[in-house]
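Q: Sequential numbering of the sequence shown, starting at 1, is according to this note's numbering. For every residue, glycine included, the Cβ atom is placed at its ideal position computed from N, Cα and C.
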Amino acid sequence: MKKLLPFLILILCFTALQAGVSVKSSVNKHTLYLSDTLVHTIRITTDSSQNIPAPAAPEVNGLRLINQSSSTESRMSIVNMRYERSVVYNYLFYYKPTRTGRITIPQTRITVKNNVYYSQSITVEILDGGSPSPPADPYDPFGTYDYEPGPEGESFVLAMPEAKSVFVGEPVVVAYYLYTTQEVRSLNLTEEKDFEGYGKSLYEQPQNLNFERTTYHRKSYKRSLLKKMVLYPHLARQIQVPQLVGSIRYLRYGFQNRGFRSQPAFIQVRELPSGAPKDYSGAIGVFSLSQRLSDHTLKLGEAVLLTIQISGKGNFNQFTAPKYPSTSAYQVSTPKIKDQLTSGIQGVRLLQYTIIPKVKGEIKLPAFKFSWLDSKTGRYMSFNTKEQTLSVKQGSLVPGSQPSRTLKELQMLGLSGKTDYQDQGPIYLKWWFWSILALIILSLIPSFFLYDKRRQQAKDPKKWQHKQLQITLKQELQRARKAALNKDPEFFQIAQNAIQNYLNTKYDLPAHLCQAELMEALAQNGVDAELIALISSFFTQIQAARYAPTSQEQDPYLQLSQALEQIATALEQA
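1) Which residues bound the beta strand (DSSP E) around Glu-517?
2) Taking only the alpha-carbon atoms, compute the straight-line gap between Leu-251 and Lys-474 and give it to the nearest angstrom.
3) Alpha carbon to alpha carbon, how far is Ile-110 from Glu-59?
4) Does the segment 458–468 come into contact with the segment 476–491, if we say contact requires no fewer than three beta-carbon pairs (one atom in each stretch) closer than 8 Å?
5) Given this structure, state the Cα-to-Cα distance separating Leu-63 from Phe-93, to the nearest angstrom.
6) Leaving out the 5 sequence neighbours to the left and right, which residues in its chain are closer than 6 Å to Asn-188 when beta-carbon positions are compared?
7) Between the segment 347–367 and the segment 257–276, can you find at least three pairs of beta-carbon atoms closer than 8 Å?
8) Is it true that the CB of Ser-220 sits closer than 8 Å to the CB of Phe-211?
9) Which residues mark the beginning and the end of the beta strand (DSSP E) in which Ser-165 is found?
10) Given this structure, state the Cα-to-Cα distance separating Ile-575 from Ser-86, to the nearest angstrom.
11) Would you mind reading off the limits of the beta strand (DSSP E) that contains Ala-585?
12) Do Leu-534 and Leu-522 have their C-beta atoms within less than 8 Å of each other?
13) To which residues of the same chain is Phe-491 closer than 7 Å at the C-beta, ignoring the five residues directly before and after it?
14) Of the choices Lys-113, Glu-170, Ser-119, Ser-22, whose alpha-carbon is the least far from that of Ala-57?
15) Are Ile-42 and Pro-53 touching if we call contact CB-CB under 8 Å?
16) By Cβ distance below 7 Å, which residues in the same chain neighbour Val-116 in space, the five residues on each side in sequence not counted?
17) Which value, in whole angstroms, describes the spacing of the CA atoms of Val-157 and Lys-228?
18) Do you know how far the Cα of Ser-69 is from the Cα of Arg-579?
19) Which value, in whole angstroms, describes the spacing of the CA atoms of Leu-576 and Met-160?
20) Which of helix, strand or coil does DSSP assign to Glu-490?
21) How long is the line joining the alpha carbons of Arg-249 and Phe-370, rounded to whole angstroms?
22) So does the segment 312–327 actually touch the segment 277–289, counting three or more Cβ pairs closer than 8 Å?
23) Taking the alpha carbon of Gln-207 as the point to measure from, which residue in Ala-570, Gly-301, Leu-226 has its own alpha carbon closest?
24) Identify the residues that DSSP records as bridge partners of Ser-247: which are they?
25) Taking the alpha carbon of Thr-297 as the reference point, which residue from Val-23, Arg-455, Leu-365 has its own alpha carbon closest?
26) I need the DSSP call for Ser-311, collapsed to helix, strand or coil.
27) Grouping DSSP H, G and I as helix and E and B as strand, with all else coil, what is Glu-572?
28) In the DSSP assignment, find the beta strand (DSSP E) that holds Lys-393 and state where it starts and stops.
29) Does the distance from the CB of Phe-539 to the CB of Ala-563 come in under 8 Å?
30) Would you decide whether Ser-274 is buried or exposed? Buried here means 16 or more other CB atoms lie within 10 Å of its CB.
31) In the DSSP assignment, find the beta strand (DSSP E) that holds Asp-339 and state where it starts and stops.
32) What is the residue span of the beta strand (DSSP E) that Lys-453 lies within?
33) So which of Gln-573, Arg-99, Val-124 has the shortest CA-CA distance to Pro-106?
34) Can you name the start and end residues of the beta strand (DSSP E) that Asp-374 belongs to?
35) Using only the alpha-carbon positions, how far apart do Gly-361 and Thr-389 sit?
36) So, helix, strand or coil for His-234, using DSSP?
Written out as structure tokens, the structure reads:
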């Protein structure tokens, strides 16, 4: 895997971020009654955060605008080793129908990065009478939600420790819940205010607000879990749990924001009781233990595995594994610890001791002892195994050698059974090391050019756009020259598109303008009158050459190619 890492870096260095812009529009329903509310949503998706002006509310004959709102969301993902980021802008417009019949919401013009986009036009049917159906969720025009304006309501956040009194070092989970009677759509946590007397770690944090019905102080609320964290108290006194600070966004005649601060909550921390056993290593919680010996009969040179399983809830990450001492009759390895824990406080821990006999015969293994403080009863508890006996027989190998059974046990513990190792030499003397290094260095060259390209683009966007337009125009001119030399009829389309696309992009003009409208728009943008006349004449000649018959003495390809070169030179100097 380590050898493959440079190649993965190489691939990532050549990956370019590509994304486009999409504009979509939708309505909450296509058939509705005069008493219904129509929600028209325009959704703009881009590859990065942009300063996009909010589009104007479409003016529709037969619909009366009553409200509007907006929201922004960011999404990140890695697909096929490519990092992709998108930002979605939602603009919502609320209308009340004023007449029956078919009504069409027109296209809306939107400008993003000097490019013009249009939303789709949508036709709806307004019926007279009937009972209104619930409107769609503004965040998802294809779903529904129960919306009823009603009173302003209330929202607050409670911190709820699972225990009001704990011992020093005993972990305690604190859950934070949002209680509300409002239509909360989103929540933003901005700060965690900490106090003295504890350490902390994250236990659980849902990605979305998932509400459930509950009762608090004899009043009905919707409740959603915001976060759970684990506190590790280290001072014997009353401590205050962390306080969450943030804001909520709720719906009441449009979207509104409200700040919040979780209500204070306290935990009483007690000193550890006296009378701790001598082997006590700091474990606090509720535990159950069991043991297993892999074999009781073996040959000299083989090994057995003693496994101690600790299950329950407590401060697993704050106590050490008990020592199991070696003797002249056997050798005991440092225990290997395997954890299957949630946030380091709940689950199962396995302690695995490898025991290798040194002599044959009957070997007595002493009892294993583990002590802890039971957090429920406040008393010290101990787990003591019975003394066990190993029957060790004479093996075919001398002690210290590694037969297949011993190798299997050691490999199960993640230990190597090899005794002869090949001298690999320094890694920098290997040919493949320098090959990989050379590939990495070569990969930095296109990365540098890509960085410089984007730096120039960000420094002066207008200058960068002008430069790119000139490059594109020269490329199209090259295509037009080739088509003209071959007398290819595609020349006329290539030449017209080259000039028209250049003008549309440079002056931010719609692509659907006719020739007269285009000339008028160029004049409004301050283009020289002679250049406008030249362009207009060129477009007229293009149309005539494309559709009108010509004599053999005339060569429209040569004439129009020269006119194209003249216009391109004038545009570069404009």
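A: This is what the structure holds:
1) Segment 515–524 is the alpha helix (DSSP H) holding Glu-517; no beta strand (DSSP E) there.
2) Spanning the two alpha carbons is a distance of roughly 54 Å.
3) Answer to the nearest angstrom: the Cα atoms are 15 Å apart.
4) Here the segment 458–468 makes no contact with the segment 476–491; the two share fewer than three CB pairs at distances below 8 Å.
5) When the Cα atoms are used, Leu-63 and Phe-93 turn out to be separated by approximately 11 Å.
6) Only residues of its own chain outside the window of five on either side were considered, and among them Gly-246, Ser-247 have a CB closer than 6 Å to the CB of Asn-188, listed in chain order.
7) Contact annotation: the segment 257–276 does not touch the segment 347–367, with fewer than three C-beta pairs closer than 8 Å.
8) In this structure, Phe-211 lies away from Ser-220, with their beta-carbon atoms at least 8 Å apart.
9) In the DSSP annotation of this structure, the continuous segment of the beta strand (DSSP E) that includes Ser-165 starts and ends at 165–167.
10) Residue 575 lies beyond the stretch modelled for the chain, which goes from 1 to 574, so this question has no answer here.
11) The chain is shown from 1 up to 574; residue 585 falls before or after that span and cannot be answered.
12) No. Outside cutoff.
13) Within the same chain, Phe-491 has close Cβ partners Ala-480, Ala-483, Ala-484, Tyr-557.
14) Residue Ser-119 is the option with its Cα nearest to Ala-57.
15) Cβ atoms of Ile-42 and Pro-53: not closer than 8 Å.
16) Excluding positions up to five away in sequence, the list reads Arg-109, Asp-508, Pro-510.
17) When the Cα atoms are used, Val-157 and Lys-228 turn out to be separated by approximately 13 Å.
18) The first residue shown for the chain is 1 and the last is 574, placing residue 579 beyond what the model contains.
19) The requested residue 576 does not occur in the structure, where the chain is confined to residues 1 to 574.
20) Reduced to three states, the DSSP call for Glu-490 is helix.
21) A straight-line Cα-Cα distance of about 52 Å links Arg-249 and Phe-370.
22) Touching, yes.
23) In this structure, Leu-226 is the residue among Ala-570, Gly-301, Leu-226 with its C-alpha nearest to the C-alpha of Gln-207.
24) Its beta-bridge partners are Asn-188, Gly-259.
25) Nearest option by C-alpha distance: Leu-365.
26) Note: Ser-311 maps to strand in three-state DSSP.
27) Helix, per DSSP.
28) Note, Lys-393: beta strand (DSSP E), 388–393.
29) No, the Cβ-Cβ distance between Phe-539 and Ala-563 is not below 8 Å.
30) Per the 10 Å Cβ criterion, exposed.
31) In the DSSP annotation of this structure, the continuous segment of the beta strand (DSSP E) that includes Asp-339 starts and ends at 336–342.
32) Segment 431–459 is the alpha helix (DSSP H) holding Lys-453; no beta strand (DSSP E) there.
33) Among Gln-573, Arg-99, Val-124, the Cα nearest to that of Pro-106 belongs to Val-124.
34) Residues 369–374.
35) Taking the straight line joining both Cα atoms gives about 10 Å.
36) Coil, per DSSP.
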